[in-house]
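Residue numbers (my numbering): 348 to 600.
This is the structure:
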């Protein structure tokens, strides 16, 4: 983790196509959809909903013995600009989340693009922070990364000590999540791709999104609503399950 390079966002000219975009990766022309070169996406059933393993409920401490403090777990909430990272952290945090929001100005035109559907007027200039207690034995500390390319140098420090990450994706702007996915693949950090259902629907099916992002079947792909606390909880539980699976396999190795 100490030597992992920060994600590299290519600088795209106004009206141009970024070098790390879906168009560049798949050789498509501007304006075409992300699915080209194949008759259709490979058949892929949507992932089953998360089912917590049975028998994991924390037991009460013995009478007369103080309860042990919960184990702190650091989780990153990452993704491109304007995909819903700040909303995700704020929806589930049991404390007033720490945010570093600043008003977007005309200086950001052509640099910070939240998408046509967004009414976003502020942007994260450092990070978001929140926490949530899962049970008596586990507490999650959530760190939301900035989505703009100029803050990419912060990702190495934010990822230090993290057990996993939730990569938030806007299905209508898949290009924006490539740097985040590349970063965690290089770092070897377990991550889950969470597709934020803006307005309650997706622009593409989950199978099409998996194919367009070129992620393996071992990477969980879930749909969630960044505004809904229970939906965010389920997505984070998948991240925990993935991190636990990685730790178990490393221990057996």
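All residues carry an ideal CB built from backbone N, CA and C; glycine is no exception.
query	result
If you reduce the DSSP assignment to three classes, tell me which class residue 493 lands in.	coil
Determine the contact status of residue 417 and residue 485, defining contact as a CB-CB distance below 8 angstroms.	yes
Contact between the region 421-441 and the region 549-567: three or more CB pairs below 8 angstroms?	no
With 8 angstroms as the threshold, decide whether the Cβ of residue 507 is near any Cβ in chain B.	Absent from the structure is chain B; it holds one protein chain and no more.
Going by the CB atoms, is the gap between residue 543 and residue 514 shorter than 8 angstroms?	no
Let me make sure I understand the geometry here. Which of 502, 481, 594 has the alpha-carbon closest to that of residue 576?	481
Count Cβ pairs between the region 568-582 and the region 519-533 that sit closer than 8 angstroms; are there 3 or more?	no
Inspect the beta-carbon positions of residue 442 and residue 489 and report whether they are closer than 8 angstroms.	no
Would you kindly report the start and end of the unbroken beta strand (DSSP E) that includes residue 426?	418-426
Less than 8 angstroms separating the beta-carbons of residue 474 and residue 444?	no
Is it buried or exposed, residue 491, if we count other Cβ atoms within 10 angstroms and call 16 or more buried?	buried
Given a cut-off of 8 angstroms, decide if residue 541 and residue 571 are closer than it, judged by their beta-carbon atoms.	yes
Does DSSP classify residue 512 as helix, strand or coil?	strand
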